Amino acid sequence: MQLPDAQSLVTQARSLLSSRQDLAWLGIRDTRLELILATSGLAFEKTSSRPPPTLTLLLREPVRLRLRDHLRANPSPGVQSLLDSIFLPPLAPLLPAQSPGGQPLEATLLLAAHLLDTSAFTANVAGDMKILAQQSINDRSLRPLQPFVLSLLSLARRFEYDSLRKILGSIDTLSSLHWFSDQIRSPTEPGDLLLAASLWAGPVERLALLPQNPAHPWADLSSAISLGRGAVELLVQRHAPVLSSQLPFPPDLFPALLRWEKSLLLLRALLFLVSSWFLILAFWRWLPNPFPQSPGPWRLAPRLLQTALLAFLLGAALEPAWLHPRPLPRYRLSLAETPFSAKNQSTKGNAMDPTNLITLAIFLGLQIAVYRICVRRMRQIENGPGDTQLKLRLLENEDNLFDAGLYVGIAGTATALVLQVIGLIQPSLLAAYASNLFGIACVAIVKIFHVRALKQRLLIPPEKK
2 MQLPDAQSLV TQARSLLSSR QDLAWLGIRD TRLELILATS GLAFEKTSSR PPPTLTLLLR
62 EPVRLRLRDH LRANPSPGVQ SLLDSIFLPP LAPLLPAQSP GGQPLEATLL LAAHLLDTSA
122 FTANVAGDMK ILAQQSINDR SLRPLQPFVL SLLSLARRFE YDSLRKILGS IDTLSSLHWF
182 SDQIRSPTEP GDLLLAASLW AGPVERLALL PQNPAHPWAD LSSAISLGRG AVELLVQRHA
242 PVLSSQLPFP PDLFPALLRW EKSLLLLRAL LFLVSSWFLI LAFWRWLPNP FPQSPGPWRL
302 APRLLQTALL AFLLGAALEP AWLHPRPLPR YRLSLAETPF SAKNQSTKGN AMDPTNLITL
362 AIFLGLQIAV YRICVRRMRQ IENGPGDTQL KLRLLENEDN LFDAGLYVGI AGTATALVLQ
422 VIGLIQPSLL AAYASNLFGI ACVAIVKIFH VRALKQRLLI PPEKK
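The opening position of the sequence shown corresponds to residue 2 in the numbering used here, with each subsequent residue numbered one higher.
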């Protein structure tokens, strides 16, 4: 990420840290932690040009001992629950806090207790953390609390104390905390980008909805940050990828386009409707009519319905979600499910992906088109010249046409499975087999309610009923 005057800004920040010894270790004023660090011998060490990661400070044994003694005097039940969790046996890859190699676990739990004491967590995260800590104590195992510990450990190993507090202040749920730590552990490691974006865009939950390109996952966010706070807010609001156009479009016109956005979207919809009207008209005129003297099947309502459906399909096909492949899945350590995590997973599973909804709409539109073609053919046969026997034979000859819904449905299912394999749509059995269901319904409606009724009218004329 290249920002204007970034190098001079870094130089000024380092100069400030070198002149302010009280900010050298933490980057922010924290009287409680400053006293602990000062009495642990850090005041006599040579400070660096930038604050170290938070976990680096707490891995020192004198700092942990003094921080634990300070927190033991705190009457908060949540703080005491976290301190009691230090002695609980963890799951892999963490080692027990009292064994060699268990310093990261002890440091992370002490950090969590200190952050809870200083109100660094949001109310929702603090409440959920207290529940998990108490559940771990009741189970005599760190299993319920360990996902939170691993997430906080990843953040404390990456960020200094000031940045860590700012990030935690923008995280409202434990699921967002886990998502943020997953991004920190990923190969792209967008820690600085996410920190800057969270300061501008607000809660981290908004960043989790941004579309990502598998090759450059955070390229859009980096470009938006380089353009300023307004660009970041616009990107987070739209949840759409940034498309680069090869046309020489003047950037000065973008603010004017945003002011007239609703009018331009209305014009776009009108153009889709007009073009769909002429496409539908040309399509039906292109189909052969074996009975030119018969009255046409057109009425205003069916034509408007087909025009609106085609306009919707054209608009959906041009959405940016179809132009970019899905990001590759990220795999993380799976621990035993707690009631909180099970609740989060069940909530996420109920959401329908927009591309799946568009796929369902396309399959439904194809079946409606097949239905209209079949109804049009039956009207041509019924209103055309010839006696009853000829019309019945023509109906039998068009039996394959009336089964076209099944053929289109099978082809749609195969196409959906292929699109899921290559990653254009989210894997979903509903989107794959909905085409077959629509095809079966279309054929049933055509043969039961139309073909059967037409044969009955031909075999039993109205005057003989």
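Backbone N, C-alpha and C fix where the C-beta goes; we use that ideal spot for every residue, glycine too. Bear in mind the structure is a predicted one, so any value in this text is a computation, not a measurement.
Exposed unless 16 or more other CB atoms sit within 10 angstroms - verdict on residue i
| i | result |
| --- | --- |
| R65 | buried |
| P78 | exposed |
| T360 | buried |
| W261 | exposed |
| F284 | exposed |
| E190 | exposed |
| H115 | buried |
| L117 | buried |
| Q390 | exposed |
| T119 | exposed |
| L258 | exposed |
| G387 | exposed |
| F279 | exposed |
| T12 | exposed |
| P218 | buried |
| P52 | buried |
| S199 | buried |
| S264 | exposed |
| D70 | exposed |
| V447 | buried |
| A302 | exposed |
| D221 | buried |
| P293 | Reliability fails at P293, whose pLDDT of 49 lies under 50, so the model's placement of it is uncertain and the value that follows must be treated cautiously. With fewer than 16 Cβ atoms within 10 Å of its Cβ, P293 is classed as exposed. |
| A225 | buried |
| R166 | buried |
Option in the options with minimal Cα separation from residue i
| i | options | result |
| --- | --- | --- |
| E62 | Q99, F149 and A317 | Q99 |
| S436 | N75, L460, R67 and I369 | I369 |
| L89 | R144, A302 and G387 | R144 |
| H240 | H179, P212 and A124 | P212 |
| L365 | V205, Q184 and G440 | G440 |
| V126 | V150, L254, D140 and G385 | V150 |
| R57 | P101, F273 and L112 | Checking the sequence, you will find Thr at residue 57 rather than Arg. T57 has its Cα closest to that of L112, out of P101, F273 and L112. |
| I449 | K392, I226, G170 and D404 | D404 |
| L358 | L431, L438, G385 and W219 | L431 |
| G469 | R166, L165 and L175 | Because the chain here runs from 2 to 466, residue 469 falls outside it and cannot be looked at. |
| S164 | L396, A121 and A220 | A121 |
| R141 | I87, N401, V243 and N75 | I87 |
| G410 | A445, L266 and W287 | A445 |
| R453 | R166, N75, W287 and D400 | D400 |
Cβ separation of residue i and residue j, assumed to be a contact under 8 angstroms, to the nearest whole Å
| i | j | result |
| --- | --- | --- |
| S177 | A209 | 7 angstroms |
| L315 | S277 | 7 angstroms |
| E161 | P94 | In fact, because the Cβ distance is near 24 angstroms, the residues do not count as touching under 8 angstroms. |
| L154 | I168 | Not confirmed; about 14 angstroms, so no contact. |
| G102 | L110 | Their Cβ separation, rounded to whole angstroms, is 15 angstroms, which puts G102 and L110 out of contact at 8 angstroms. |
| S227 | V205 | The pair is not a contact, with the Cβ atoms about 20 angstroms apart (cut-off 8 angstroms). |
| Q136 | P91 | That belief does not hold up - the Cβ atoms of Q136 and P91 are roughly 14 angstroms apart, past 8 angstroms. |
| K392 | L460 | At roughly 10 angstroms, the Cβ-Cβ gap does not stay under 8 angstroms, so K392 and L460 are not in contact. |
| E383 | L438 | Not really, about 29 angstroms apart at Cβ, beyond 8 angstroms. |
| I37 | R67 | 5 angstroms |
| S187 | S152 | Their Cβ separation, rounded to whole angstroms, is 13 angstroms, which puts S187 and S152 out of contact at 8 angstroms. |
Chain-order list of residues whose beta-carbon lies under 8 angstroms from that of residue i (same chain, five-residue window excluded)
| i | result |
| --- | --- |
| L60 | Q104, P105 and A108 |
| A362 | F313, L314 and A317 |
| R230 | W201 |
| H451 | C375, V376 and M379 |
Cβ-based neighbour list, residue i, same chain, cut-off 7 angstroms, excluding 5 preceding and 5 following
| i | result |
| --- | --- |
| I281 | R304, Q307, T308 and L311 |
| A202 | L208, V233, E234 and V237 |
| C443 | Q368, V371, Y372 and G406 |
| R159 | P54, I185 and G192 |
| E402 | Strictly speaking, residue 402 in this sequence is Leu, with Glu absent from that position. Counting only Cβ-Cβ distances below 7 angstroms, and skipping sequence neighbours, we find C375 and R378. |
| F273 | A312, L315 and G316 |
| L395 | I382 |
Contacting residues, own chain, Cβ-Cβ under 6 angstroms from residue i (five flanking each side not counted)
| i | result |
| --- | --- |
| A433 | T414, A417 and L418 |
| K131 | G79 |
| T123 | D173 |
| W180 | A209 |
| S429 | N357 |
| Q457 | none |
Heavy atom of the ligand COA within 7 angstroms of residue i beta-carbon
| i | result |
| --- | --- |
| A412 | Inclusion of the ligand COA in the displayed structure is not the case, the ligand content being empty and no account of it being possible. |
Validate contact between the segment 421-441 and the segment 376-384 using beta carbons, cut 8 angstroms, 3 pairs: Contact between the segment 421-441 and the segment 376-384 is absent, with fewer than three C-beta pairs closer than 8 angstroms.
Three CB pairs or more closer than 8 angstroms across the segment 73-83 and the segment 184-195: Short answer: they don't touch.
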